[in-house]
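Trainee: Just so we're on the same page, this note's numbering is the position in the sequence shown counted from 1, plus 11. We put the CB at the ideal spot given by N, CA and C, even for glycine. Here the structure is a predicted model, which is why all the values come from computation and not from measurement.
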Amino acid sequence: MRIGIGYDVHALDDGLPLWLGGVKVVHSKGCVAHSDGDVLIHAICDALLGAACLRDIGVHFADTDPQWKGIDSKILLQKTVALLSQNGYSIGNVDSVIMLQQPKIKDYIPQMQTILAQTMGIAVAQMSVKATTTERLGFVGREEGIAAQAVCTIVKEN
Ligand SMILES: [Zn+2]
């Protein structure tokens, strides 16, 4: 068994769509990004890649590459899981936390878990999503950006 960690941050700007965990969240701001800016999915991809010692999301899906412009991050997650599978790994579990001040996303979390689990081909019980504010401290607290962290375990299949 191997463990991975992932961390991602995106700036927020007015009038952009807000994608989190594969779900479109109703909000007046969204993430500035080359892709759809799904900060949670990006953190999960990095955790999975890190667990397999396969570098990071920027290496596999460069933000200078036009083929990834505006891409649905669920596709990046599918490609990441396929890469792990090619290397003989399956997912044990994923735990994650989204750090944002607004909006409240508690009610979106079950849907995020379902969509992420489906995208990765795992059970919902293997995909944990949590959310926290930073008590108005720092760039997250000032609503300038959103951060996400993920950890995962992967298992080598023989
Ligand atoms: Zn990102």
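For S84, count the other beta carbons within 10 Å of its own beta carbon; 16 or more makes it buried, fewer makes it exposed. Which is it?
Mentor: For the purposes of this step, residue 84 is taken as the residue at position 73 of the sequence shown. Under this definition S84 is a buried residue.
Trainee: Is it buried or exposed for G26, if we count other Cβ within 10 angstroms and need 16 for buried?
Mentor: Against the sequence shown, residue 26 aligns to sequence position 15. Under this definition G26 is an exposed residue.
Trainee: May I have the straight-line CA-CA distance separating M12 from S101, to the nearest angstrom?
Mentor: Walking along the sequence shown from the start, residue 12 turns up at place 1. Walking along the sequence shown from the start, residue 101 turns up at place 90. Each residue's Cα considered, the two are about 10 Å apart.
Trainee: Taking only the alpha-carbon atoms, compute the straight-line gap between I52 and G32 and give it to the nearest angstrom.
Mentor: Sequence index remark: in the sequence shown, residue 52 carries index 41 (1-based). Sequence index remark: in the sequence shown, residue 32 carries index 21 (1-based). Going by the C-alpha atoms only, they are around 6 Å apart.
Trainee: With distance defined between alpha-carbon atoms, name the residue in V105, G152 and H38 nearest to T130.
Mentor: For the purposes of this step, residue 130 is identified with residue 119 of the sequence shown, where counting begins at 1. The option with the nearest alpha carbon to T130 is V105.
Trainee: Is the beta carbon of K40 closer than 9 Å to that of E154?
Mentor: For the purposes of this step, residue 154 is taken as residue 143 along the sequence shown, with counting starting at 1. For the purposes of this step, residue 40 is taken as residue 29 along the sequence shown, with counting starting at 1. Against a cut-off of 9 Å, the Cβ pair of K40 and E154 comes out as a contact.
Trainee: Would G69 count as contacting chain D if we go by Cβ distances under 9 Å?
Mentor: No chain D is present in this structure, which holds just one protein chain.
Trainee: Could you check what DSSP says for A136 in three-state terms: helix, strand or coil?
Mentor: For this step, residue 136 is matched to residue 125 along the sequence shown. Three-state DSSP puts A136 in a helix.
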